[in-house]
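**Q** Using our numbering, read the sequence shown as starting at 126 and increasing by one per residue.
In this text, a Cβ means the ideal position worked out from N, Cα and C, and glycines have one as well.
None of these values were measured; they are calculated from a predicted model.
Structure below; questions to follow.
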Amino acid sequence: MNNSDQKIQTLLSSQPRLRLFLDYDGTLADFRDHPDQVEPLPEVIDLLKFLRNSGKIKLAVLSGRRLAHLQALIPVNGITLAGTYGLEILKADGSLHYRLDYNRVRPALEVLKPIWIELIKDKQGFFLEDKGWSLALHARFAEDVIAANLLEKAQDQAAETLDIKEFRVVPGHRFLEAGPLLADKGEGMKYLLEIDPPEEESLLYLGDDDKDEAAFRVIQSCGGAAIRVCSNVINQAIEDWRLPNPQETRLWLRSLPGQLA
126 MNNSDQKIQT LLSSQPRLRL FLDYDGTLAD FRDHPDQVEP LPEVIDLLKF
176 LRNSGKIKLA VLSGRRLAHL QALIPVNGIT LAGTYGLEIL KADGSLHYRL
226 DYNRVRPALE VLKPIWIELI KDKQGFFLED KGWSLALHAR FAEDVIAANL
276 LEKAQDQAAE TLDIKEFRVV PGHRFLEAGP LLADKGEGMK YLLEIDPPEE
326 ESLLYLGDDD KDEAAFRVIQ SCGGAAIRVC SNVINQAIED WRLPNPQETR
376 LWLRSLPGQL A
């Protein structure tokens, strides 16, 4: 057992209950070809029901997907679903929380949307995802040079269109998203812990990409641990442990109730 394994084991055995925060795409399930593909996976649903029913684990899924997509993908009562990086939250008790006034956010995005639509018009391999609270450009299937040039132009357009005091533009791997400053997993994690403070519970977060790192830091600052679902080499990795892929992650999560104090 290495030091990373030991930290996770020590964390799990330190408290009788666990607050478990999970990303969805790339963590619980493999990425789909298209972000609007919303097909529930029986193995994920069964796993989340198993963890919920253990009586030892309080579950939350924190995702960049819109809340409506999460509800369709995870039709499981009794767990918290936090969509759009925690901007819109359906708590385990059924109550809804919105961190911003949608009508303050949407008008600016309505200005940017046709600009981005025109930019990718007739371009192969691009897709504009409208999440309501944010806009995301996907270039997963575009040619490398074309994708890099177009996303750079899209970032410039967003910077010219949006108020930097209220919005941010976040680049990623063949990806660009424009949304409110609060559309951030670190901010979302802070809010989830604020509205439901942990009580004699260990804290654990599982995610796969750079947008999860903000949540990693929040969890670690509260004495919890972070696990990255990834097999790639990442410079200055900040996670406490790794799992290689969603399939192995689901297997490991099955063992969690038995590892708690």
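Go to Ala185, then tell me how far its beta strand (DSSP E) extends in each direction, as first and last residue.
**A** Residues 182-187.
**Q** Taking only the alpha-carbon atoms, compute the straight-line gap between Ile245 and Arg375 and give it to the nearest angstrom.
**A** Cα to Cα, Ile245 sits roughly 37 Å from Arg375.
**Q** Between the C-alpha atoms of Arg191 and Gly257, what's the straight-line distance to the nearest angstrom?
**A** Straight-line Cα distance between these residues: approximately 8 Å.
**Q** Would you report the Cα separation of Lys132 and Glu168, rounded to the nearest angstrom?
**A** Cα to Cα, the separation comes out at about 28 Å.
**Q** Apart from the five residues just before and just after Pro371, which ones in its own chain have a Cβ nearer than 8 Å to its Cβ?
**A** Gly151, Thr152, Leu153, Ala154, Asp155, Val354.
**Q** On the criterion of 16 or more Cβ atoms from any shown chain inside 10 Å, does Asp161 qualify as buried, or is it exposed?
**A** Exposed, by the Cβ-count rule.
**Q** When the distance is taken between beta carbons, is Ala273 closer than 8 Å to Phe300?
**A** Not closer than 8 Å, so no.
**Q** Drop a sphere of 10 angstroms on the beta-carbon of Val270, count the other beta-carbons inside from all chains shown, and report buried for 16 or more, exposed for fewer.
**A** Exposed, since its Cβ has fewer than 16 Cβ neighbours within 10 Å.
**Q** Could you tell me whether the Cβ atoms of Tyr210 and Gly189 are closer together than 8 Å?
**A** Yes, the pair counts as a contact, with Cβ atoms nearer than the cut-off.
**Q** If we ignore side chains and look at the alpha-carbon of each, how far apart do Ile240 and Val230 end up?
**A** Ile240 and Val230: Cα-Cα distance of roughly 17 Å.
**Q** Using the three-state DSSP reduction, which class does Asp130 fall into: helix, strand or coil?
**A** Helix.
**Q** Tell me the residue span of the alpha helix (DSSP H) that contains Thr286.
**A** Segment 269-286, the alpha helix (DSSP H) holding Thr286.
**Q** What does Phe252 pair with, by DSSP beta-bridge criteria?
**A** Phe252 is bridged to His263.
**Q** Mapping DSSP to helix, strand and coil, what is Ser327?
**A** Correct three-state label for Ser327: strand.
**Q** Which class does Thr135 belong to by DSSP, given the choice of helix, strand or coil?
**A** Thr135 falls in the helix class under three-state DSSP.
**Q** What number of angstroms, rounded off, separates the C-alpha of Gly313 from the C-alpha of Ala284?
**A** Each residue's Cα considered, the two are about 23 Å apart.
**Q** With distances taken from CA atoms, which of Gln134, Asp130, Pro141 is nearest Pro323?
**A** Closest by alpha carbon: Pro141.
**Q** Is Ala193 helix, strand or coil by DSSP?
**A** Reduced to three states, the DSSP call for Ala193 is helix.
**Q** Taking Gln80 as the reference, which of Arg265, Arg177, Trp377, Lys238 has the closest Cα?
**A** Here the chain covers residues 126 to 386 and nothing more, so residue 80 does not appear.
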